[in-house]
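Peer 1: At position 33 of the first sequence the residue is numbered 59 (the numbering used here), and the sequence of numbers has no breaks. For each residue, glycine too, the CB sits at the ideal point set by N, CA and C. Handing you this structure, nothing more for now.
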Amino acid sequence: MNDVEQAILAEVARIPRGRVTTYGAVAARAGLPRRARLVGRVLSSLPESSRVPWHRVIAAGGRIAFPVGTAPHEQQCRRLRCEGVETRNGRVDLQRYGWQGTRGDLDRWLWRVGDEN
DNA sequence: CAAATGACGGGGT
DNA sequence: AACCCCGCCATTT
């Protein structure tokens, strides 16, 4: 595994339980702007045994990347539901569950923790 | 080597 | 909101 994949997985692992973020956002935070597709490719190559929370990564606009009705789609919805994230018609409300990862994040705002610059 | 293919994104209709 | 189209780029045909 190279450093690029490492950076991407590190960002995915940073997403808090019960929150979600997009492929594009992960790429940007990993220092790879406009490389959303790469994020998807890396996640698709994860072994079943991986503990990386891949289900917290969704497509732009809160859409679940897998086609509605497919097994992987159902699995992702199930995993999200387990941590309190509700999915409606294959989508997640980003206004409510979206995680930006930096300034403006609800958690940091509430607890005043992390890098405040 | 050319063309198709994605766990994508954004802009236009 | 739902498509379509095009940019993106590592892999696979």
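Using alpha carbons as the reference points, say which of Q126, R67 and I84 lies closest to T113.
Peer 2: Along the first sequence, one-based indexing puts residue 113 at 87. For the residues Q126, R67 and I84, the minimum Cα distance to T113 belongs to I84.
Peer 1: What would DSSP say about A97, mapped onto helix, strand or coil?
Peer 2: Along the first sequence, read from residue 1 onward, the residue named residue 97 stands at position 71. In this structure, A97 counts as helix in the three-state DSSP scheme.
Peer 1: Do the stretch 93-102 and the stretch 65-72 meet, that is, are 3 or more Cβ pairs less than 8 Å apart?
Peer 2: No contact exists between the stretch 93-102 and the stretch 65-72.
Peer 1: Which residue from E31, Q102, M27 and S76 puts its Cα closest to that of G57?
Peer 2: Position 31 of the first sequence, counted from the start, is the residue given in the question as residue 57. Out of E31, Q102, M27 and S76, E31 has the C-alpha closest to the C-alpha of G57.
Peer 1: Terminal residues of the continuous alpha helix (DSSP H) containing D119?
Peer 2: As a first step, residue 119 must be located in the first sequence, where it is residue number 93. Where D119 is concerned, there is no enclosing alpha helix (DSSP H), given that its DSSP letter is neither H nor E.
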